[in-house]
Amino acid sequence: MAGSSVLIVESPAKAKTINKYLGSDFTVLASFGHVRDLPPKDGSVRPEEDFAMEWELGDRSKRHVDEIARAVRGAQKVYLATDPDREGEAIAWHVKELLAERKLLGKADVKRVTFNEITKSAVQEAIRKPRDVDQELVQAYLARRALDYLVGFTLSPVLWRKLPGSKSAGRVQSVALRLVCEREAEIEAFRPQEYWTIEAEFKTHAGQSFTARLTQLDGKRLEKFSLGDKGAAEAALARIRPMLFKVGRVERKEVRRNPYAPFTTSTLQQEASRKLGFGAMKTMRTAQKLYEGVDIGGETVGLITYMRTDGVSLSQEAIDGARRLIDSTWGDSYVPEKPRIYKSAAKNAQEAHEAIRPTDLFRRPEDVARYLDKDELRLYELVWKRTVASQMASAILDQVTVDIMSKGAEAVFRATGSVIRFDGFLKVYQEDRDDDGDEDEGNRRLPAMKDGDDLTRGALKSEQHFTQPPPRYSEASLVKRLEELGIGRPSTYASILQVLQDREYVRLDKRRFVPEDRGRLVTTFLESFFPRYVQYDFTAGLEEKLDDISGGRVFWKDVLREFWFNFSKAVEGTKDLTITQVLDALDAALGPHFFPQVTGPDGKVVDTRVCPNCHQGRLGLKLGKTGAFIGCSRYPDCKYTRPLAVAGEEGEQAEGDRDLGTDPETGLQVQMKRGPYGVYVQLGAAASKEDKPKRVSLPRGLNPADVDLDIALRLLALPRSLGTHPSSGQEILAGIGRFGPYLKHGDAYKNLTADDDVLTIGLNRAVVLLGDGPVKKAVQGRELGPHPKDGKPISVGSGRFGPYVKHLKLFASIPKSMNADEITLPQAVELLAAKAAKDSGKAPAPAAAETEKAPAKKAAPAKKAPAKAAGTKSATKSTAAKAPAKRAAAKKVTA
């Protein structure tokens, strides 16, 4: 029997945990995230109707809402206990609105409760202090959702029309993409500059050695580029060699290093990336599990507080607990005289205020290790150490600077070092070097010296250096930069980075973001024709206005009106924009990227714009139905094209077409080429359309730049025999197929793992892989017979998604309940008829025997569903085919 009180949370995992904390009077249910969203079609937000918003109940949400409604129908109290942030407030509002529509709020008292940690005491305390849904937080959510929708559904169609092949543009994602592209442009424009440094080894009268760097020569302070070449360095060495040296000055000072603040969402993502190698999305997924609850010895308990927050403060209870833990573990000297209080500079009042911390600091990582998987334990340990360290005493270091000078003070060397006198918080936690490679000052210890001591100079050496370009953004440094600029909020960073990868605007290479050419085109287009909306200060200013809405300082529709007035005019201004104008703008901006100047073997500059086919035309950007490419200006006389890629050092296409050499056996040319499905190697040229040369795709993980003739020939020799299986006696082959590298054993196939190399894998490893997990049995392509309608053949085969039957261009999957090797012609006809009916939206056609008697009418063409725009939070089906009554019941207009 349902309890008299209903408590609604977001996730079933949280519901399961909380259910154990409350008595039998409570029924705990999950909304499974957002229950409603804006339909992915035009008109869901209507500026002309004062930004009325139309909501649609998700297909998967109806069952959960029905269950909530049934429980609420007999309840006296309803507690909306969704997450304690803006999104959680929005979900609570949606649930309340849906219950109101069903007229279920008259009898039940509906209240909002929040808790930052899922512990019994926190949940029970929250229920004792309920409140109403915060309308200002809800309005901030509505404004943000409307803005994202209006940008996505207004700007994306402009991209599709003016820049074919582009996917979509988002309000915040576009700005993050601009950061990545600008950094790449800085790297490409960077020209390394040479400089030299001089170091000397010195020895004290006690025989202790240390090194120092030259900082002054002949009364002049050496700047970074003072010794600009080898000649200058050699001249300095010659000047110094005859000199005698002594200690000029020893300076000592005490330095205190304070601990870092507890984790916020962004600093957790940054540090998990640096220390653990986690991506932002993985960090948040793992933190979610720790927050929602883990079974610890039969009791489910949340291990950390809520993980979406800008706050750095700790509750008094947590501070007191940390000080007791530090005292009992490391002693009184590690406990600071006063508790450390941290304050956040963030303005977004809608986020949870407390930092991310363990719910119980006395629950040490080693105590819970056996209940957590490896990633959960590593992240929990990181949070635990950071929280404890934040309340520990400062570290005390002795920093020493020694100036060594020649007897006549013509040359001065400097040595620095520091010694940890008291480790303080460093006992528990030390942050790695920062993400861009700047290291903390080292802890090198210098020998005891005093002013005027004579020193013996030992080895003297010069070293050549070159300035380095700025590093590409990692997930950690990009999140840090977005936070510095005030762009995005804690709950959005992980999804922003994921969307950029999903749209193939960027890729991660060695944990660094590299913009794809598709992404650079989109950024350049937006900068050229919508510059205001990819400006950092504009986007940050809009975030501040959204924060002002949540703080009750501005009305949400005023913000929308101001934005829409200017944005709609900017979009209107692109209506008459021609493809030629777009191409000219892109070509001018991206020309230096796609056609960089290179120097030939003779020292002359090579014009990489000259068409390599006709040697007369000029290469430039072109747009086709599938996107942008590079083509010759003399089209159609010259039909040379190539995919978007940067010209190599010798004018060739980087990672694209290049000659690798000649196959010694056949005498045919071996080439590496780039096709629509990636890079491949090819043996010889095509003699005709029917006589195609042998081609093999490069396996994932193999860098095209590393491919030489030897590797190409080994790829072309695939599949290769590894030997016979010791149990079956059948041959095992290794090759590359449509879906990547594989092993073949008889009729069974097994995909290779990411750690296995198809060119080097041996028999023993292959046997282990074939015995580890399921293998796919190859369904031989065979003809079943003619279709009873048109006499055309029906065949059976196997593809990426399993076995299928095929008739003309129609494919129908064979269900798991049927044996693909034993399927009959009538069964295949029935599967094909059902698939055709499903595609056309009609009822299934009659079975094969009936079809022969009464041929089915020609199916009407299927209606196209409305295009789904990027930027929507979840995919929902089009309402075009729904009955009007059903559609009306699923929607709600917010005025």
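Per UniProt numbering, residue 1 is the first one in the sequence shown, and the count goes up by one each step. Even for Gly, the Cβ is constructed at its ideal location relative to N, Cα and C.
Counted as a single uninterrupted DSSP element, the beta strand (DSSP E) harbouring L784 occupies residues R782 to P786.
A straight line joining the alpha-carbon of V554 with that of D548 spans about 6 Å.
Only exposed fits P531, as fewer than 16 other CB atoms lie within 10 angstroms of its CB. T753 is not bridged by DSSP to any residue. Short of 8 Å from the beta carbon of L577, and not among the five residues preceding or following it, lie these beta carbons of its own chain, in chain order: K162 and F529. Per DSSP, the continuous alpha helix (DSSP H) segment holding P592 begins and ends at I579 to F594. Of the residues F115, T114, I68 and E125, the one whose Cα lies closest to the Cα of E97 is I68. Counting along the chain, no alpha helix (DSSP H) covers A212; the unbroken beta strand (DSSP E) around it starts and ends at S209 to L217.
With a cut-off of 8 Å on Cβ pairs, the segment 233-244 is not in contact with the segment 414-421, counting fewer than three such pairs. Look at C632 here: in three-state DSSP terms it is strand. Per DSSP, reduced to three states, the secondary structure at I396 is strand. In this chain, V335 is not harboured by any alpha helix (DSSP H), its DSSP state being neither H nor E. Per DSSP, the unbroken alpha helix (DSSP H) holding V479 starts and ends at E475 to L485. Under the DSSP assignment, Y79 falls in the beta strand (DSSP E) whose first and last residues are K77 to L80.
For P365, the enclosing alpha helix (DSSP H) covers residues P365 to V368. For the 8 Å CB-CB criterion, D451 and V247 form a contact. For A287, the three-state secondary structure derived from DSSP is helix. If you look at H807, you'll find it in the beta strand (DSSP E) that goes G802 to H807.
Burial state of F801 is exposed, judged by a 10 Å Cβ sphere holding fewer than 16 other Cβ atoms. R738 sits in coil when the DSSP states are folded into three classes, being neither helix nor strand. If you look at Q124, you'll find it in the alpha helix (DSSP H) that goes K120 to R128. Between Q501 and the set S11, A176, K107 and L426, the nearest pair of CA atoms involves A176.
Under DSSP, the beta-bridge partners assigned to A52 are R46. Taking a C-beta distance under 8 Å as the contact criterion, S209 and G541 do not qualify as a contact pair. Counting only the Cα atoms, G785 lies some 56 Å from L372. DSSP places E376 in the uninterrupted alpha helix (DSSP H) bounded by K374 to A389. K253 and V400 have their C-alpha atoms some 7 Å from each other. Separation of I487 and L715 (C-alpha to C-alpha, rounded to the nearest whole angstrom) is 46 Å. Take the alpha-carbon of S550 and the one of A140: they are about 5 Å apart.
For G152, there is no enclosing beta strand (DSSP E); the enclosing alpha helix (DSSP H) covers residues Q135 to K162. Taking a contact to require three or more Cβ pairs closer than 8 Å, the segment 364-371 and the segment 276-287 do not qualify as touching. Pairing L397 with R421 gives a Cβ-Cβ distance under 8 Å. Per the coordinates, the alpha-carbon of I630 lies some 41 Å from the alpha-carbon of D229. E354 and R60 have their C-alpha atoms some 33 Å from each other.
Judged by DSSP secondary structure, P12 falls within the alpha helix (DSSP H) whose first and last residues are P12 to N19. I187: member of the alpha helix (DSSP H) spanning Q173 to A189, first to last residue.
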